[in-house]
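What follows is a single structure, written as structure tokens, with notes after it.
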Amino acid sequence: MSDTPGAGIRPAPQQSGPLEELVHSRDPEVLRALAANPHLTEELALALLTRRDLPPPALEALAKNAALTRRRKVIVALVSHPRTPRHLSLPITRHLYTFELMRIALLPAIAADLKVSVEEALIARLESISSGERITLARRGSTRVAAALLCDPEERVRLAALENPHMTEEWIVKALAKDEAPVPLLHAVARHPKWSLRRDIQLALLRHPSTPLAHAIAIADKLPTPVLRDLLTQSHLQPGIRAYFLSLLHRRTQSLNH
Numbered sequence: 001m002s003d004t005p006g007a008g009i010r011p012a013p014q015q016s017g018p019l020e021e022l023v024h025s026r027d028p029e030v031l032r033a034l035a036a037n038p039h040l041t042e043e044l045a046l047a048l049l050t051r052r053d054l055p056p057p058a059l060e061a062l063a064k065n066a067a068l069t070r071r072r073k074v075i076v077a078l079v080s081h082p083r084t085p086r087h088l089s090l091p092i093t094r095h096l097y098t099f100e101l102m103r104i105a106l107l108p109a110i111a112a113d114l115k116v117s118v119e120e121a122l123i124a125r126l127e128s129i130s131s132g133e134r135i136t137l138a139r140r141g142s143t144r145v146a147a148a149l150l151c152d153p154e155e156r157v158r159l160a161a162l163e164n165p166h167m168t169e170e171w172i173v174k175a176l177a178k179d180e181a182p183v184p185l186l187h188a189v190a191r192h193p194k195w196s197l198r199r200d201i202q203l204a205l206l207r208h209p210s211t212p213l214a215h216a217i218a219i220a221d222k223l224p225t226p227v228l229r230d231l232l233t234q235s236h237l238q239p240g241i242r243a244y245f246l247s248l249l250h251r252r253t254q255s256l257n258h
């Protein structure tokens with residue numbers, strides 16, 4: 001049996017007619033034969049891929065159609081289709097460009113496992129791409145990708161990641177929990193008009209061994225007394241921060257007594 005795409009597929013009677021009409025067929029076998037057709041154009045393939053009801057055999061036939069696998073728009077649409085089998089979509093992601101992967105990761109209907117795979121592919125490339133590409137990913141990429149850039153060596157990239165509209169408090173706290181988090185990141189978060197006001201981020205800054213004392217003092221002065229007492233039970237506070245907490249609690253206690 002020939003391995004040539006579409007070989008051995010015999011058009012059923014209802015398959016006759018222009019390819020444009022067959023794109024709207026409801027017959028799975030017709031759609032599979034159409035997807036394998038070597039004369040299928042990029043425009044018609046993209047029209048076919050807009051159908052959310054496209055059966056997996058048709059998607060598999062498209063993936064094997066040599067006339068279309070060199071078309072960037074087609075392979076991106078194929079990977080993005082919610083019904084494309086994972087054994088097809090995951091290997092293709094390794095051959096996609098950085099910003100193609102970025103766009104796929106941001107699709108609202110993308111399956112969770114495919115999203116993670118795409119994001120991991122992007123994160124694996126971060127050390128080998130230009131600073132301009134990293135800035136774009138930091139500014140516009142998905143949450144997980146932007147979070148990976150919070151500890152980037154370049155300040156412009158870190159600041160762009162903090163401004164990413166998909167960034168969440170949870171991912172910033174995770175970045176601050178790393179001992180290797182760069183001190184400039186601690187400065188940037190502590191001064192940020194939005195993130196510096198979030199309680200969990202403030203506590204993460206206080207727990208980090210490299211947070212400058214000036215930032216710790218500014219945060220501590222605004223924290224409720226019970227929170228300060230709770231932080232003092234944590235042995236990993238910097239000695240200078242611990243000493244300031246004790247002093248601050250003493251002053252507050254004296255103020256209450258008077």
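Mapped onto my numbering, the consecutive letters of the sequence shown carry residue numbers 1 to 258. We put the CB at the ideal spot given by N, CA and C, even for glycine.
Quiz item: Taking only runs of the alpha helix (DSSP H) that begin and end inside the region 178-207, which ones reach a length of at least 4 residues, in chain order?
Solution: 183-191 and 199-207
Self-check item: Three-way DSSP call (helix, strand, coil) for GLU155 in this model
Solution: The count along the sequence shown starts at 1 and reaches residue 155 at position 155. Here GLU155 sits in helix by DSSP.
Quiz item: What are the complete alpha helix (DSSP H) segments, minimum 4 residues, inside the region 64-120?
Solution: 72-80, 86-93 and 98-105
Self-check item: CB contact flag (HIS187, PRO212, <9 Å)
Solution: Residue numbering aside, residue 187 sits at position 187 when the sequence shown is read from its first letter. Residue numbering aside, residue 212 sits at position 212 when the sequence shown is read from its first letter. For HIS187 and PRO212, yes; Cβs fall inside 9 Å.
Quiz item: Going by Cα to Cα distance, which pick from LYS174, ALA77, PRO153 and SER131 is closest to ASP200?
Solution: Walking along the sequence shown from the start, residue 200 turns up at place 200. Residue LYS174 is the option with its Cα nearest to ASP200.
Exercise. Take LEU232 and list the residues in its own chain whose beta-carbon comes closer than 6 Å to its own, dropping the five residues that flank it on each side.
Key: For the purposes of this step, residue 232 is taken as residue 232 along the sequence shown, with counting starting at 1. Cβ within range, chain order: PHE245.
Practice problem: Evaluate SER255 with the Cβ neighbour count: other Cβ atoms within 10 Å of its Cβ, from every protein chain shown; 16 or more gives buried, anything less gives exposed. | Solution: Residue numbering aside, residue 255 sits at position 255 when the sequence shown is read from its first letter. Classification of SER255: exposed, given that the 10 Å Cβ count is below 16.
Exercise. Could you tell me whether the Cβ atoms of ILE135 and VAL118 are closer together than 9 Å?
Key: Here residue 135 is taken as the residue at index 135 of the sequence shown, counted from 1. Here residue 118 is taken as the residue at index 118 of the sequence shown, counted from 1. No, the pair does not count as a contact, with Cβ atoms beyond the cut-off.
Self-check item: Three-pair Cβ contact test at 8 Å for the region 121-141 versus the region 68-86
Solution: no
Quiz item: What are the uninterrupted segments assigned as beta strand (DSSP E) that are 3 or more residues long and contained completely in the region 17-52, given in chain order?
Solution: none
Quiz item: Can ASN65 and ALA33 be called in contact, C-beta distance under 9 Å?
Solution: Taking the sequence shown and counting its residues from 1, the one referred to as residue 65 is at position 65. Taking the sequence shown and counting its residues from 1, the one referred to as residue 33 is at position 33. No, the pair does not count as a contact, with Cβ atoms beyond the cut-off.
Quiz item: Hey, out of PRO57, LEU101 and ARG52, whose CA is closest to ARG72's CA?
Solution: Residue mapping note: residue 72 aligns to position 72 of the sequence shown, counting from 1. For the residues PRO57, LEU101 and ARG52, the minimum Cα distance to ARG72 belongs to LEU101.
Quiz item: So which of PRO18, LEU90 and ASP27 has the shortest CA-CA distance to LEU113?
Solution: Counting from one through the sequence shown, the residue named residue 113 turns up at place 113. Strictly speaking, residue 113 in this sequence is Asp, with Leu absent from that position. Among PRO18, LEU90 and ASP27, the Cα nearest to that of ASP113 belongs to LEU90.
Self-check item: Limits of the unbroken alpha helix (DSSP H) element including ASN257
Solution: Counted from its first residue, the sequence shown places residue 257 at position 257. Looking at the DSSP string, the run of the alpha helix (DSSP H) that includes ASN257 is 239-257.
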